[in-house]
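Visitor: In this note's numbering, the protein residues as written are 10 to 347.
Using N, Cα and C, we set each Cβ at its ideal position, and we do this for glycine too.
Here it is, the structure in full.
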Ligand SMILES: [Fe+2]
Ligand SMILES: [Fe+2]
């Protein structure tokens with residue numbers, strides 16, 4: 010009996026037809042996906058001469074918005090070494106990105122599988138999955154062109170990842186928070202690099218511009234999905250979620266921006282430098298905090314901030330004030346870039 014009640018509630022949660030505002034938002038996003046989308050092999054001229062990957066190209070030097078690129082140790086390396094590290098690092102971030110997207114695509118399919126006929130969520134999830142498939146093609150092509158044999162996400166996460174998409178059906182809310190934990194840091198980092206305006210390799214520049222443009226919709230969807238459902242959860246569930254959110258943000262963010270062990274060994278980087286970059290130095294702590302302003306806003310607005318949750322945000326070192334609106338630029342960063 011309890012079980013059927015649970016299933017009935019779960020099914021009812023998937024029927025969104027009565028919430029006209031939400032349906033309208035989904036229609037706008039879906040129409041946006043039809044109007045503005047990219048194809049990795051039509052919109053990027055991989056074979057044009059400017060896109061060629063040539064040896065010793067200083068455009069691969071890491072930008073100052075990258076925590077490694079900003080570090081004095083990196084800046085003291087010979088140019089050739091900086092380029093080599095830069096190529097490896099940028100290829101690995103692309104690889105981790107596509108690993109995340111692969112998990113997301115499978116989760117979107119799992120979620121969409123259960124949506125009722127006529128659901129606007131079905132259509133949007135499928136549009137998003139198509140876009141993410143294109144992103145994984147684009148990122149893998151970039152990795153192949155750079156030619157660094159990078160591993161992508163940490164090994165432990167690779168082992169547990171087959172189970173993650175399965176959560177999207179029965180527990181979509183924790184799943185969508187996990188997705189935000191992957192999308193927010195990548196989007197934040199890419200936007201900062203583009204804003205910094207350093208001369209980048211055209212592959213990097215084009216891939217990031219395409220990604221930022223499409224990601225805006227994906228992040229919107231995740232935020233709206235959660236804003237609609239989280240406030241209606243029982244206080245008990247919300248309490249558990251409030252502790253889970255900062256932890257998942259911190260773990261997945263590290264999986265994306267901290268390079269794997271192979272990197273430190275390959276380039277013989279001192280342990281003290283590694284510790285300083287991730288995350289002892291004040292700048293890297295600030296970067297970590299800045300990445301989650303929008304998620305803190307979401308947590309505040311949907312009742313996921315309580316004294317214990319605040320403490321967990323602080324322990325995870327991602328506490329701070331919430332954004333006033335989504336994608337609010339971080340003042341300190343703009344100042345330091347200027
Ligand atoms: Fe993507
Ligand atoms: Fe995305």
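May I ask you to report which of helix, strand or coil DSSP gives residue 329?
Guide: Looking at residue 329 - three-state DSSP - the assignment turns out to be coil, as it is neither helix nor strand.
Visitor: Thinking C-alpha only, which one of 121, 110 and 61 is nearest residue 177?
Guide: When only C-alpha atoms are compared, the closest one is 121.
Visitor: Hey, out of 77, 67, 335 and 28, whose CA is closest to residue 225's CA?
Guide: Out of 77, 67, 335 and 28, 335 has the C-alpha closest to the C-alpha of residue 225.
Visitor: Write down the C-beta distance between residue 39 and residue 129 rounded to the nearest angstrom, noting that I regard them as a contact closer than 8 angstroms.
Guide: At roughly 7 angstroms, the Cβ-Cβ gap stays under 8 angstroms, so residue 39 and residue 129 are in contact.
Visitor: Measure the alpha-carbon distance for residue 311 versus residue 174 and round it to whole angstroms.
Guide: If you take the alpha carbons of residue 311 and residue 174, they lie about 24 angstroms apart.
Visitor: Can you find a heavy atom of ligand 1 that lies under 8 angstroms from the Cβ of residue 144?
Guide: Residue 144: yes, Cβ under 8 angstroms from ligand 1.
Visitor: How long is the line joining the alpha carbons of residue 305 and residue 190, rounded to whole angstroms?
Guide: So the alpha carbons of these two residues sit roughly 12 angstroms apart.
Visitor: Go ahead and label residue 220 buried or exposed: buried means 16 or more other beta carbons lie within 10 angstroms of its beta carbon, across all protein chains shown.
Guide: So residue 220 ends up on the buried side.
Visitor: Measure how close the beta-carbons of residue 70 and residue 53 come, nearest whole angstrom, since I'm counting them as under 8 angstroms.
Guide: Between residue 53 and residue 70 the Cβ distance is about 22 angstroms, and since that is not below 8 angstroms, they are no contact.
Visitor: Got a sec: does ligand 2 put a non-hydrogen atom nearer than 8 angstroms to the Cβ of residue 135?
Guide: Residue 135 Cβ: outside cutoff for every heavy atom of ligand 2.
Visitor: Could you give the first and the last residue of the continuous alpha helix (DSSP H) run that contains residue 249?
Guide: Looking at the DSSP string, the run of the alpha helix (DSSP H) that includes residue 249 is 244-266.
Visitor: Residue 111 lies in the alpha helix (DSSP H); which residues open and close that run?
Guide: Counting along the chain, the alpha helix (DSSP H) containing residue 111 begins and ends at 88-123.
Visitor: Look at the Cβ atom of residue 239, then the Cβ atom of residue 313, and state whether they are nearer than 9 angstroms.
Guide: Result yes, Cβ atoms of residue 239 and residue 313 sit closer than 9 angstroms.
Visitor: Assuming residue 213 contacts residue 157 under a Cβ cut-off of 8 angstroms, what Cβ separation, rounded to an integer in Å, is found between them?
Guide: The Cβ separation is near 13 angstroms, so there is no contact.
Visitor: Which one of 107, 101, 65 and 163 has the shortest CA to CA distance from residue 87?
Guide: Nearest of 107, 101, 65 and 163 to residue 87, Cα basis: 65.
Visitor: Looking at C-alpha atoms only, which residue of 255, 320 and 283 is the closest neighbour of residue 302?
Guide: For residue 302, the nearest C-alpha among the options comes from 255.
Visitor: Starting from residue 191, trace the alpha helix (DSSP H) in both directions and tell me its first and last residue.
Guide: Here the alpha helix (DSSP H) through residue 191 covers 181-205.
Visitor: For the alpha helix (DSSP H) that residue 65 lies in, which residues bound it at each end?
Guide: Here residue 65 belongs to no alpha helix (DSSP H), and DSSP marks it neither H nor E.
Visitor: Closer than 7 angstroms by C-beta to residue 112: which residues in its own chain qualify, once you throw out the five before and the five after it? Chain order, please.
Guide: Closer than 7 angstroms at Cβ, skipping near neighbours: 170, 173 and 174.
Visitor: Please report the distance separating the alpha-carbon of residue 137 from that of residue 42.
Guide: Distance between the alpha carbons of residue 137 and residue 42: 8 angstroms.
Visitor: With H, G and I counted as helix, E and B as strand and the rest as coil, what does DSSP make of residue 141?
Guide: Helix at residue 141.
Visitor: Short of 8 angstroms in beta carbon distance, which residues of its chain neighbour residue 332, apart from the five on each side in sequence? Order them along the chain.
Guide: Cβ within range, chain order: 302, 303, 305 and 306.
Visitor: In the DSSP assignment, the alpha helix (DSSP H) including residue 309 goes from what residue to what residue?
Guide: Counting along the chain, the alpha helix (DSSP H) containing residue 309 begins and ends at 302-310.
Visitor: Quick one: what's got a C-beta closer than 8 angstroms to residue 94's C-beta in the same chain, skipping five residues either side?
Guide: Here the set comprises 71, 77, 83, 86 and 276.
Visitor: Specify, as a first and last residue, the run of the alpha helix (DSSP H) that residue 299 falls within.
Guide: Where residue 299 is concerned, the enclosing alpha helix (DSSP H) stretches over 291-299.
Visitor: Which residue wins for smallest C-alpha separation from residue 234, given the options 28, 13 and 15?
Guide: With distances taken between Cα atoms, residue 234 lies closest to 28.
Visitor: Anyone know if the C-beta pair for residue 266 and residue 102 falls short of 9 angstroms?
Guide: Yes, the pair counts as a contact, with Cβ atoms nearer than the cut-off.
Visitor: Should residue 232 be flagged as near chain C, meaning a C-beta pair shorter than 9 angstroms?
Guide: In summary, chain C is missing from the structure at hand, where a single protein chain is found.
Visitor: So, using beta-carbon positions, are residue 198 and residue 74 closer together than 9 angstroms?
Guide: Contact: yes.
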